[in-house]
Amino acid sequence: MSTSVDVPESSNVEKGRGVTVAAARPGGTKKGLAIMDFILRLGGIAAAISAAAIMGTADQTLPFFTQFFQFEASYDSFPTFEFFLISMAIVGAYLVLSLPFSVVTIIRPHADGARLLLLILDTVFLTLATSSAAASAGIVYLAHNGDQNTNWIAICNQFGDFCLATSSAVVAAFAAVVILALTVVMSGVALRSR
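The numbering of the sequence shown is UniProt numbering, which starts it at 1 and goes up by one.
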């Protein structure tokens, strides 16, 4: 003699399974975004500090007839490059200090306070990085091409190493800008998702 019970399938059973799967992985999407945020911050630190270091070492001296009369190109000859160096160092320091908050969002994916704080601060430092990178890109462009209307001559024909260093620093700064923009977008997506 066998005992069998016929249980009809209902939509409640399917809903129960969906809830069980979601309960097994609490904060799956938010945790994945938090891990990606942490990795991007590490890349942003490397980009911002490299940009500051490359700009800080940009220096070239050319002798002219004698050793006593020389032409020098250095980052501190241009106020824009000084602003660039200081702002990229500040952005790099901020990204280092933001790592613990990023770890908090990994450990506690539903901690929206830490994520909101990062979103606000990332937006502020994204603005700082963008302004310094854009201003320096303008000076690098003038160094490469000059401007005949204002009698600004292109100096990169003579100061090739200096121009290469400043161009590399600006590229690294724009990499940091892109990374910060991605962290802002990801924080917004994580705050929006339930």
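C-beta atoms are modelled at their ideal positions from N, C-alpha and C, and glycine is treated no differently.
The alpha-carbon separation between N145 and A133 amounts to approximately 18 angstroms. Each of F174, S98, Q148 and V185 was checked against the Cα of M88, and the nearest Cα belongs to F174. Secondary structure at Q148: helix, using DSSP grouped into helix, strand and coil.
The C-beta distance from L95 to I45 rounds to 5 angstroms, short enough to fall under 8 angstroms. For C163, the uninterrupted alpha helix (DSSP H) segment begins and ends at G160 to R192.
Separation of F125 and S74 (C-alpha to C-alpha, rounded to the nearest whole angstrom) is 26 angstroms. In the three-state scheme derived from DSSP, where H, G and I count as helix and E and B as strand, A73 is classed as strand.
Following the DSSP letters along the chain, one finds F81 inside the alpha helix (DSSP H) bounded by residues P79 to I107.
Looking at S167, A172 and T29, the one whose alpha-carbon comes closest to that of L142 is S167.
The segment 51-60 and the segment 99-116 do not touch, with fewer than three beta-carbon pairs separated by less than 8 angstroms.
The beta carbon of A93 lies closer than 7 angstroms to none in the same chain, with the five residues before and after it left out. Spanning the alpha carbons of I35 and V104 requires a straight line of approximately 10 angstroms. The Cβ-Cβ distance between V189 and V170 does not fall below 8 angstroms.
When the Cα atoms are used, F78 and C163 turn out to be separated by approximately 13 angstroms. Counting along the chain, the unbroken alpha helix (DSSP H) around I49 starts and ends at G28 to G56.
In this structure, L85 sits away from A47, with a CB-CB distance that is not shorter than 8 angstroms. Ranked by how close their Cα comes to the Cα of I54, the residues F81, T130, K30 and S131 have F81 in first place.
Linking G160 to I153 through their CA atoms gives a straight-line distance of about 14 angstroms.
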